[in-house]
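What follows is a set of notes on a single structure, which appears directly below.
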Amino acid sequence: MRYNFEEEDGGRQSEDVEWLPLQHHPVFSTPPDRDRDGDRALTMPKNLLAWDGASRLYFWDSYKTCLHRLSLRLGEPDPTSLLAASPSKVLQADVQLNSEVQRISINRNGSALFLVSLDGLYVMYLYGRTSTKENTIICRARGRSDLYVSAMGNTIC
2 MRYNFEEEDG GRQSEDVEWL PLQHHPVFST PPDRDRDGDR ALTMPKNLLA WDGASRLYFW
62 DSYKTCLHRL SLRLGEPDPT SLLAASPSKV LQADVQLNSE VQRISINRNG SALFLVSLDG
122 LYVMYLYGRT STKENTIICR ARGRSDLYVS AMGNTIC
């Protein structure tokens with residue numbers, strides 16, 4: 002399978018992007034909506050982050066069960082600054098995840114993200130998109146519950 006690693010903005014212009022200090026990015030500063038999220042809004046979110054080494058930070062939103070891809074600027078305009086593009090790109094798996102994601106990990110070339118949950122291991126192909134829906138990129142994902150669950154006794158995570 003061949004992947005296109007070029008960023009596609011889907012009409013998003015560079016002037017639409019605002020560069021904010023990472024700690025002020027809406028992904029990290031917006032509290033969950035209790036009316037929409039119900040009891041899940043009362044629990045602490047898991048800080049599931051992955052870094053691809055190419056100035057992109059991936060944040061798994063456990064409330065919305067989606068992935069935020071944040072483009073980062075390191076050391077601009079001063080050596081200690083860390084800026085993130087807002088809005089972030091939102092990616093979602095094309096399959097239903099049956100339990101809460103416990104851990105995420107990205108492969109070396111940044112083409113796939115591993116989602117570990119209690120019911121199995123899912124591979125989300127970040128550049129194997131199937132469609133776009135309401136500013137969310139729907140990515141191809143495959144699950145292997147038998148692989149992960151059978152190895153749980155051996156603690157592969």
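The sequence shown begins at 2 in the working numbering and counts up one residue at a time.
Cβ atoms here follow ideal geometry from the backbone N, Cα and C, with glycine treated the same way.
Here's the rule I'm using: 16 or more other beta-carbon atoms within 10 Å means buried, otherwise exposed. How should serine 89 be labelled?
Classification for serine 89: buried.
The ligand NAD and serine 112: does the residue's C-beta get closer than 7 Å to at least one heavy atom of that ligand?
With respect to small molecules bound, the structure shown includes none, and the ligand NAD cannot be examined in it.
What residue range is occupied by the uninterrupted alpha helix (DSSP H) comprising valine 28?
Going by DSSP, valine 28 is part of the alpha helix (DSSP H) stretching over 27-30.
For tyrosine 126 and alanine 113, believed in contact at Cβ under 8 Å, the rounded distance:
Going by Cβ atoms, the distance from alanine 113 to tyrosine 126 rounds to 5 Å, so yes, they are a contact pair.
Rounded to a whole number of angstroms, what is the C-alpha to C-alpha distance between valine 18 and alanine 85?
CA-to-CA, the gap between valine 18 and alanine 85 works out to about 10 Å.
Taking the alpha carbon of glycine 54 as the point to measure from, which residue in Glu135, Asn110, Cys140 has its own alpha carbon closest?
The shortest Cα separation from glycine 54 among Glu135, Asn110, Cys140 belongs to Asn110.
How many angstroms separate the CA atom of alanine 42 from the CA atom of aspartate 62?
Because alanine 42 sits at a pLDDT of 49, beneath the cut-off of 50, its placement in the model cannot be relied upon, and the following sentence gives the value as read from the coordinates. Between the alpha carbons of alanine 42 and aspartate 62 lies a gap of roughly 12 Å.
Let me know the beta strand (DSSP E) ranges lying completely inside the stretch 42-118, each 3 residues or longer, listed in chain order.
Under the rule that a run must span 3 or more residues, the beta strand (DSSP E) segments found entirely inside the stretch 42-118 read 49-52, 57-62, 67-75, 83-87, 90-94, 102-107, 113-118.
For lysine 65 and glycine 76, I'd like the C-alpha separation in whole angstroms.
Computed Cα separation, rounded: 31 Å.
Unbroken beta strand (DSSP E) run spanning leucine 21, endpoints
Boundaries of the beta strand (DSSP E) around leucine 21: 19-22.
With distance defined between alpha-carbon atoms, name the residue in Trp52, Ser56, Ser87, Thr133 nearest to proline 22.
Selected option, being the one with the closest Cα: Ser87.
Tell me whether the beta-carbon of leucine 68 lies closer than 8 Å to the beta-carbon of leucine 92.
In contact: leucine 68 and leucine 92 (Cβ atoms closer than 8 Å).
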